[in-house]
Amino acid sequence: MTQLVRDAVRAAIAAALDDAQQHGALPRLPGAEIAVERPQKPEHGDYASSVALRLAGTVKRKPLDVAQAIADSIQTGPLIDAVEVAPPGFINLRLSPHWKREQVNDILADPHAWGSIDIGHGQKLQVEFVSANPTGPLQVGNGRGAVLGDALASVLAAAGYNVEREYYVNDAGTQVRVFAETLHVRYQQHFGRDVEVPAEGYQGRYIVDLAEAIAADVGQQYLQPEGAPPPPSDQPDPLATEGLRRMLDQIRADLGLLGINFDQWFSEASLLSPRDALDGRSVYDTAMARLREGGHVVEKEGAVWFASSSDDDKDNVIVRSSGEPTYFATDIAYHFDKFALRRFDRVINVWGADHQGHVARTKAATAAVAGAANAQAEHGLEMLLYQLVHLRRGGERVRMSKRTGELVTLRELVQEVGPDVTRYFMLERSADAQMDFDLELATSQDPKQNPVSYVQYAHARCASILRTAAAEGLDAPTPESTADVQLLVEPTEIALIDAMLRLPELVELMATKLEPHHLTTYALELAQQFTQFYGACRVVDPSAPDRSRARLKLTRAAQIVLARALGLMGVAAPDEM
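Going by numbering that gives the first Met the number 0, the first residue of the sequence shown is number 0, and it counts up by one from there.
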């Protein structure tokens, strides 16, 4: 587990502030929030604090004077090398170069844990993502949600949370009914019957292929008497069940191309089935009873409504006048299951931006239905919304597949550009920004153009350098080796160490703000910093074996951190390219 350097710097400032008050340099003050951040310009130091600007008004003194009083009490030593005061009242701190160089050994000592922190303290956290209806193949937009959700889950695990990945399978309700009706028609058409797809039915070629594949395997086993309707939704429908099973298998396979796996595939239909743990009632019935007991439902216009107490939301129908539950009703039951039954401390739903209108009501309903059983339900539900993806080739938007004439599927995209490029590109923009996916750039193998190739090439170059060193008989760069990292004094060497030391705080930022897209920028900047070091410093130099061994340690550390950043993205870290 990596300690956050910023926290140690903050503690040093807090101790100095207390010391300044004890010795009369500053008057007694209530507890002050001490903000510490990295300056935008390296010449301003490694960290800076604006605490003096915050306190100046309280103590009725100039910010510069307050900053100087605090700075005079900051203890320099193994971690902090120098403290400076800068207008209008900043405290700038420089870390000890000796301490920085020693961190290379720390990275080598625990390579798999470097960058991992513990702000989660083992809290039970669920990330639910993709959750596309199993009524058709995954589209490119689903791919963005898949990559965001998976990378976020990895980041949160690195931040100390006990993370579970979940796919919510919408295998009940209107869309499944329409899917079943369409599949029955296509299945009958395969055997020559003159039947029409319903107006609201699924029109894609994929469902024709699905019906034909089932027919090829089982023949007429699922064929209904001519003119008979599909079984009603509350009765077994073997053809629909088989169709959904095959669609889910395809979805699993498509996500598998990206290396995405789920801990749980949660069935919506299971919410409607009796459970022994609930005295034979279903999760849905139990959740609806909880809402009624809490006074959160009203009946009007023949329907049952969720009565929101939130100023941000209006009442919503949960049971139609026909007695059929709405999608919102089963969604309430699903979140009741998450918080009240499975007792997650936090739940993060990764949704498309078209679900924006569902956020407030889902949070309100979750608090209402599960708050009594789990206090975390009040504030533990968060949504990460992501915008659309537009494919472009040669500056032109690509809407349809040349092969099928239909929308480009996620599988087609991954097969064209590869899983690593797909994942990296999908993470390049913040979730709330629409993105253009440049297919020409994505298929380029030139590291000067394609950022994925550039980062991976930097990792492969590290591996190549280490192989060359081993062939020349130099010691393997382990923390136990006698190589002296204090020989790393060149500016590009220190700059590379600085870049590596940013990862733990980046993990904290991404986990706190739910912004995994920062990984791509960080990985590229780290690769660029390594390239500058490699261009300026000869690593394997027979005339300077001690310095070579130190630089090999630095190279191995860079390889570790590059691999860690790529791993959090779910992108491969090749040793050869």
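Glycine included, C-beta positions come from ideal geometry on N, C-alpha and C.
- In the DSSP annotation of this structure, the continuous segment of the alpha helix (DSSP H) that includes Trp-98 starts and ends at 96-108.
- DSSP, reduced to helix, strand and coil, places Ile-317 within a strand of the structure shown.
- For Leu-54, same chain residues with a beta-carbon under 7 Å away, outside a window of 5 residues either side, are Leu-28, Ala-31 and Val-65 in chain order.
- As computed with DSSP, Ser-281 is found in a beta bridge with Pro-273.
- Its chain contains Ala-68 as the residues whose beta carbon lies nearer than 6 Å to that of Ala-24, once the 5 sequence neighbours on both sides are disregarded; these appear in chain order.
- The three-state reading of DSSP puts Ser-266 in strand, counting E and B together.
- In this structure, the beta-carbon distance from Asp-117 to Met-0 falls below 8 Å.
- About 19 Å separates the CB atoms of Ala-34 and Ala-510; that is not less than 8 Å, and the two are not in contact.
- Taking C-alpha positions only, Gly-76 is separated from Phe-343 by approximately 43 Å.
- Secondary structure of Tyr-453 (DSSP, three-state): helix.
- In the three-state reduction of the DSSP assignment, Asp-497 falls in the helix class.
- Closest option to Ala-572, judged by alpha-carbon separation, among Ala-470, Ile-331, His-458 and His-389: His-458.
- Its Cα nearest to that of Tyr-46, the residue Arg-9 stands out among Leu-271, Leu-426, Arg-9 and Val-58.
- When Gly-370, Leu-426, Ala-359 and Val-413 are compared, the shortest CA-CA separation from Gln-386 is found for Leu-426.
- Of the candidates Ala-131, Arg-550, Ile-493 and Gly-56, Ala-131 places its Cα closest to the Cα of Arg-251.
- Secondary structure at Leu-92: strand, using DSSP grouped into helix, strand and coil.
- For Tyr-167, there is no enclosing alpha helix (DSSP H); the enclosing beta strand (DSSP E) covers residues 161-168.
- DSSP links Gly-351 through a beta bridge to Tyr-385.
- For Glu-507, the CB contacts under 7 Å within the same chain, skipping 5 residues up- and downstream, are Leu-3, Ile-116, Ile-118 and Ala-158 in chain order.
- Per the DSSP secondary-structure output, Trp-304 pairs in a beta bridge with Val-297 and Val-316.
- Residue range 434-437 is occupied by the beta strand (DSSP E) that includes Phe-436.
- CA-CA distance, Leu-384 to Ser-429, rounds to 10 Å.
- By the Cβ neighbour-count rule, Ser-272 is exposed, with fewer than 16 other Cβ atoms within 10 Å of its own.
- Residue pairing of Thr-134 in beta bridges, as defined by DSSP: absent, with no partner found.
- At the C-beta level, Gly-379 and Phe-327 stay beyond 8 Å of one another.
- According to DSSP, Pro-38 shares a beta bridge with no other residue.
- Put simply, of Leu-438, Ile-12, Ala-374 and Leu-486 the residue whose alpha carbon is nearest the alpha carbon of Arg-396 is Leu-438.
- Per DSSP, reduced to three states, the secondary structure at Pro-490 is helical.
- Apart from the 5 residues on each side of it in sequence, Glu-211 sits with its Cβ closer than 6 Å to the Cβ of His-189 in its chain, given in chain order.
- Annotation: the continuous beta strand (DSSP E) that includes Ile-79 extends over 79-85.
- Residues of the same chain with a CB within less than 6 Å of the CB of Ala-498, apart from the 5 flanking positions on each side, are Leu-525 and Gln-528 in chain order.
- When beta bridges are read from the DSSP output, Arg-345 appears opposite Leu-124.
- Assignment of Ala-214 by DSSP, reduced to helix, strand and coil, places it in the helix class.
- DSSP, read as helix, strand or coil, puts Leu-426 in coil.
- CA-to-CA, the gap between Leu-502 and His-334 works out to about 34 Å.
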